[in-house]
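Residues in the sequence shown are numbered consecutively from 7, following my numbering.
Working notes, structure below.
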Amino acid sequence: MKSFPVLRIILCGFGVVGQSLSKLLLSRAEDLYARYGLKPRIVGVYDSKGSAVDSSGLDLNQLLQVKKKNGTIKKYRTEKSNVKVIDMISSLDADVLIEATSSNYKDAEPGMSHITEAMKGGLSVITVNKGPLALAFPSLTELATYNHVMLRFSGTVGGGTPILDYAKNSLQGERITSFDGILNGTTNYILTNMTNGMTFESALADARKKGYVEADESLDIDALDAAAKLVILANWIMGMKVTMPDINRTGIRDVTTEDIKHATEKKCAVKLIASCNRELVVGPREISVNDPLCVNGTLNAITFNSEHSGQQTIIGKGAGGMETASSILRDLLDIRQGMLNH
Ligand code: HSE
């Protein structure tokens, strides 16, 4: 029987998540082999300025040091450097591509090309980049099936909190009828601060200072990030075939201190809720402060309503480098199990 101890990985994107994953793999190397018989080996890395390739495995400590010193992995000393990313994906012997470049919701590039090139070449894919899934979830899952590869994306919703796995696997056999979620930590932080008396502008400035807000703040504030997560949930959990334009989306720019005050008087709070209940909607809504969904700060939460097992709420951190890296590890183990089963 095959055991696939070594998983050869191409890592696209070496920002916070890529670096956290490298640190996680370094610190868990012995444990991963002892507990799961798994030896992940990163054979190629790409960041926006260059690439590094070594089919016998890149030295992760060195990679992290080079990145820290130069802001890119371009200067990592290896026989082959600065191979074009698409050539790396199509020519390097690998099992899995991890896509961790930034999300964009205009054309989803460069992540979209990385993912499609990898799957066409027979690689399974883990993406924490939401852009390609938001714009093309149905066709990407079809492409994975057609090429007999696995496409996994645990970290795209809830970061390290296993929201997708819970609904898909723990509630297996159940029929989820609807759900409501707070899926964006930054806007939840801003709305929480507004509930505590700040104006929208000062709450946004505070969130920026803490480093919560995306480089393109519109992704958070105008609810593109929450809408992308709703697309992923709707496809994966509810079996819908939808993309970004199917979401009725409103951000939090127009939430006023008056709105917050009215909600407080009714023992409610204004939250950015992504909901799937006949329609797919993301927008600010009042919910009771006693509702388990009503979490504060940067927390995420989601309530699933299911036919037989009732209502359940999952709460956890929805972002963070190490948390998201841990979701990638879950997906790696899942993919390895899939390879063993076949
Ligand atoms: N900008 C996102 C948030 C990061 O605030 O939740 C995680 O997707």
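Just so you know, even glycine gets a beta-carbon here, dropped at the ideal spot from N, CA and C.
Being a predicted model, the structure only gives us computed values, none of them experimental.
Let me check you understand the geometry: is the CB of residue i closer than 7 Å to at least one non-hydrogen atom of the ligand HSE?
i    : result
Y218 : yes
A114 : no
D337 : no
D226 : yes
A325 : yes
T167 : no
N153 : no
N302 : no
N190 : yes
D231 : yes
From the DSSP output, in three-state form, read off residue i for me.
i    : result
Y218 : coil
L70  : helix
D297 : coil
Q343 : helix
L335 : helix
K247 : coil
Q178 : coil
S87  : strand
R34  : helix
L157 : strand
N254 : strand
Determine the direct distance from the alpha carbon of residue j to that of residue i, and round the result to whole angstroms.
i    : j    : result
D53  : Q25  : 11 Å
H314 : Y172 : 16 Å
S337 : E271 : Position check: residue 337 holds Asp in this sequence, whereas Ser was assumed. Roughly 44 Å between the two C-alpha positions.
M204 : G322 : 24 Å
R34  : I334 : 13 Å
N76  : I92  : 23 Å
L13  : E36  : 15 Å
T304 : E85  : 43 Å
L359 : Y195 : With the chain running from 7 to 348 in the structure shown, residue 359 is simply not present.
G166 : T151 : 26 Å
K29  : L64  : 13 Å
R83  : G245 : 46 Å
K81  : K73  : 8 Å
S184 : A325 : 24 Å
E285 : Y218 : 29 Å
G191 : P298 : 16 Å
Q343 : V134 : 20 Å
T100 : F143 : The sequence as given places Ala at residue 100; Thr does not occur at that position. Going from the Cα of A100 to the Cα of F143 covers about 24 Å.
I213 : V301 : It is worth fixing the name first, because residue 213 is Ala in this sequence and not Ile. Their backbone Cα atoms lie some 17 Å apart in a straight line.
With a CB to CB cut of under 6 Å and the five nearest residues on each side skipped, what residues in its chain are close to residue i?
i    : result
K235 : V163 and L189
A124 : I95, L103 and V131
G187 : A280 and I308
L225 : D231
R181 : E313
V89  : S57 and V59
Excluding sequence positions up to five away, which residues of its chain have a Cβ less than 8 Å from the Cβ of residue i?
i    : result
V261 : L197, M200, F206, V276 and P290
Spatial neighbours of residue i within its chain, please: C-beta separation below 7 Å, excluding the five flanking residues on both sides.
i    : result
V22  : G327
G257 : I227, D228 and A229
So the alpha helix (DSSP H) residue i belongs to, where does it begin and stop?
i    : result
E123 : G117 to K126
Y152 : G137 to Y152
A234 : L230 to W242
S312 : That residue, S312, is in no alpha helix (DSSP H); its beta strand (DSSP E) goes L305 to S312.
I266 : T263 to E271
T192 : G191 to T201
S62  : S62 -> no alpha helix (DSSP H), and no H or E assigned at all.
L225 : S224 to I227
Which stretch, first to last residue, makes up the beta strand (DSSP E) that contains residue i?
i    : result
E105 : V102 to E105
R14  : V12 to C18
D53  : K45 to D53
V276 : C274 to N283
V59  : G56 to V59
G316 : G316 to K323
S109 : Careful: S109 lies outside any beta strand (DSSP E) and carries neither H nor E.
S130 : S130 to T133
Does any C-beta atom of chain D lie closer than 8 Å to the C-beta of residue i?
i    : result
V155 : The structure shown contains no chain D; it holds only a single protein chain.
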